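Everything on this sheet refers to the single structure shown next.
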Amino acid sequence: MLKQNSEKEIISTDRNEIQIESKKYSDYPVNGFYGKFGGAYAPEILQPALGELLKAFEELKSDENFLSELHYLNRHLGGRPTPLYKLNRLTKKFGNAPIILKREDLVHGGAHKFNNVIGQALVAKFLGKPRIIAETGAGQHGVATSIVGAALGLETEIFMGEVDIQRQMPNVQRMKLLGAKVTAVKSGSRTLKDAVNEAMRNWVATVEDTHYLIGSVVGPHPFPLMVRHFQSVIGKELKSEFFETYGRLPSHVVACVGGGSNAAGTFYPLIDDDVELIGVEAGGRGTDLGENSATLNFGSPAIIHGAKSYSIQDNDGQIIETHSISAGLDYPGVGPEHSFWKESGRVRYTSITDTEALQAFNLLCKYEGIIPALESSHALAYALKLSKELDSTEEIVVTLSGRGDKDLNSVLNLQEKE
Ligand SMILES: Cc1ncc(COP(=O)(O)O)c(C=O)c1O
């Protein structure tokens, strides 16, 4: 177990040894590791590409030309900055402490995924790679990658599980319209984890001219670091926008966790501040193995997709098929930094069931005129519970990671069945 003391030193009591590392949470990763999590457990053939990527990223993240191009594209193509929006009607009717949305649903493409892909695609261009590949679950990362592929003139191929293709058809059609090749993955559970495996396999074969544009804070180092960096635009804006209106920081900040990129980007700029951070995973149909995708709530540490992190496995250590109503949360792994934040106690991770997420989805539509993504509805559902418990002088900021247009078919089908 790890815990945080008032000087923000992290005290590790693993294997009964007490080690003191004088580090703030924001100092991680150290050599690619977040405490005992992270690393780059990737095939030999990818190691040079991972090294080259880290070097380019370290150089570019403070390069003025790179930063000004990134800023321009985020603002004029992506539509940033996104606003904060206070849910007056919903809070008055169902809660107590005000709930305020960080509106990532307004970003071009319909979700926070754009923030990461635009940064990584610029890095790929700098590395002289003419082709990008990506995996996608909900299709939002695939759409965002197809957008930047078209905008920057990069050949684009998206790997997507067959099951996800069925439940996210509008996004598949969008990717094709944007000029990307969509490859159906027919192995395993035919969902996100299988799409990641297939994209990794393709990268091994094409690494010379291809950048693998990973869609969350997962995978081997430096991907979790790089994705967190580009997604941190969410938390940075949130902090300054909130401060501008309220003159202080919010007491609570909530985000949903699939692989964990919108949550990492929201939390990281607040990680050394006195703000309660809560990650919400998919509780699905219940706590039994295979009935949810709540990796940090019900999983255990393992090596998954190139990094040490929590994952959901059976007794033989096999990664299992998970379930969630929302394709973007239906993943048996999670970013290594979240595993670190969980074990250190810095971030609290909870879960919300399919039914609760659907209820929150409907409430936001009916009371506030916003159709949320099913993924984001998990964060909202938890915020609604929390709002009742808190004082009206505290506030909860929720990252609304995406809009729900892609989920209309799924939601309408479910409502018909009921
Ligand atoms: C709208 C939306 N929110 C959240 C997620 C989950 O991803 P992450 O945890 O990386 O933010 C997805 C994934 O596809 C998504 O589309």
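Residue numbers (numbering that gives the first Met the number 0): 0 to 417. Even for Gly, the Cβ is constructed at its ideal location relative to N, Cα and C. A quick note: this is a predicted structure, and the numbers were derived from the prediction, not measured.
ask   = So what does Thr398 bridge to, in DSSP terms?
value = Lys101
query = Under 8 angstroms between the Cβ atoms of Ile277 and Glu103?
reply = no
request  = Pull up the CB-CB distance for His304 and Val217, whole angstroms please, since I reckon it's below 8 angstroms.
outcome  = The pair is a contact, with the Cβ atoms about 6 angstroms apart (cut-off 8 angstroms).
ask   = Ordered along the chain, which non-local residues of its own chain (more than five positions away) have a Cβ less than 6 angstroms from that of Leu100?
value = Tyr84, Val397, Leu399
query = Do three or more CB pairs link the segment 30 to 45 to the segment 273 to 288 at distances below 8 angstroms?
reply = no
task = Identify, in the order they occur along the chain, each residue of the same chain with its Cβ nearer than 6 angstroms to the Cβ of Gln167, setting aside the five sequence neighbours on each side.
result = Ala137, Gly138, Ala326, Lys405
Pairwise C-alpha distance: Ser250 and Ile19 = Low local confidence applies: a pLDDT of 48 at Ile19 is under 50, so the model's placement there is unreliable, with the coordinate-based value given in what follows. Rounded to whole angstroms, Ile19 to Ser250 spans 28 angstroms at the Cα level.
request  = Please report the Cβ distance between Gly148 and Gly178, rounded to the nearest whole angstrom; I am assuming they are in contact, meaning their Cβ atoms lie under 8 angstroms.
outcome  = Correct: roughly 7 angstroms between the Cβ atoms.
ask   = Does the Cβ-Cβ distance between Phe360 and Ser376 come in under 8 angstroms?
value = yes
task = Could you have a look at Pro331 and say whether DSSP puts it in helix, strand or coil?
result = coil
query = Would a C-beta distance cut-off of 8 angstroms place Leu248 and Ser292 closer than the cut-off?
reply = no
inquiry  = Taking 8 angstroms as the threshold (C-beta atoms), are Gly257 and Gln230 in contact?
reply    = Contact: no.
task = Return the first residue and the last residue of the beta strand (DSSP E) that Val279 is part of.
result = 275 to 283
key: Distance, Gly78 Cα to Val142 Cα   = The straight-line gap from Cα to Cα measures roughly 16 angstroms.
request  = Might you give, ordered along the chain, the residues of its own chain that have their beta carbon closer than 8 angstroms to the beta carbon of Leu413, omitting 5 neighbours on each side?
outcome  = Ile324, Leu357
ask   = Going by the C-beta, is Gln167 closer than 7 angstroms to any heavy atom of ligand 1?
value = no
message = I believe Gly38 touches His220 by the beta-carbon criterion, under 8 angstroms. Please report the beta-carbon distance rounded to the nearest angstrom.
response = 6 angstroms
request  = Check whether the Cβ of Gln358 lies closer than 8 angstroms to any Cβ atom in chain D.
outcome  = As a matter of chain content, chain D is missing from the structure shown, which is built from one protein chain.
Three-way DSSP call (helix, strand, coil) for Pro223 in this model = helix
query = Are Gly214 and Asn73 closer than 8 angstroms when you measure CB to CB?
reply = No, the pair does not count as a contact, with Cβ atoms beyond the cut-off.
task = Taking Tyr40 as the reference, give the member of Leu389, Pro335, Ala372, Thr392 with the closest Cα.
result = It is Pro335.
message = Just to confirm the assignment, what range does the alpha helix (DSSP H) spanning His107 have?
response = Looking at the DSSP string, His107 is not in any alpha helix (DSSP H), and its letter there is neither H nor E.
query = So, are the CB atoms of Leu89 and Tyr366 less than 8 angstroms apart?
reply = yes
ask   = So what does Lys128 bridge to, in DSSP terms?
value = DSSP lists no partner for Lys128.
query = Any heavy atom of ligand 1 closer than 7 angstroms to the CB of Asn201?
reply = no
inquiry  = Tell me the DSSP secondary structure of Gln46 in three-state form.
reply    = Helix, per DSSP.
ask   = Given Ile17, which residues of its chain have a CB within under 6 angstroms of its CB, disregarding the five upstream and five downstream residues?
value = In this predicted model, Ile17 has a pLDDT of only 45, less than 50, meaning its place in the structure is not dependable; the value taken from the coordinates is given anyway. Taken in chain order, the list of residues that qualify is empty.
request  = Might you give, ordered along the chain, the residues of its own chain that have their beta carbon closer than 6 angstroms to the beta carbon of Tyr504, omitting 5 neighbours on each side?
outcome  = With the chain represented from 0 up to 417, any question about residue 504 goes unanswered, as that position is not in the structure.
message = For Pro82, tell me which candidate among Gly187, Ala123, Phe242 has the shortest Cα-Cα distance.
response = Taking only the C-alpha atoms, the option nearest Pro82 is Phe242.
task = Return yes when the C-beta of Asn296 is under 7 angstroms from any heavy atom of ligand 1, and no when it is not.
result = no
key: Asn114 beta carbon near ligand 1 (any heavy atom closer than 7 angstroms)   = No, Cβ of Asn114 sits at least 7 angstroms from all heavy atoms of ligand 1.
ask   = Thinking just about the alpha-carbon of each residue, which of Leu53, Ala281, Val181 is nearest to the one in Ala123?
value = Leu53
key: Residues near Pro129 in its chain [Cβ-Cβ closer than 7 angstroms; skip 5 each side]   = Leu153, Glu154, Asp208
Per DSSP, the bridge partner or partners of Ala183 = Met159
message = Quick check on Lys23: does DSSP put it in helix, strand or coil?
response = Secondary structure of Lys23 (DSSP, three-state): coil.
inquiry  = Let me confirm a value: Thr294 is counted as buried when at least 16 other C-beta atoms fall within 10 Å, else exposed. Which label applies?
reply    = Counting every other CB atom within 10 Å of its CB across the protein chains shown gives Thr294 a total of 16 or more, marking it as buried.
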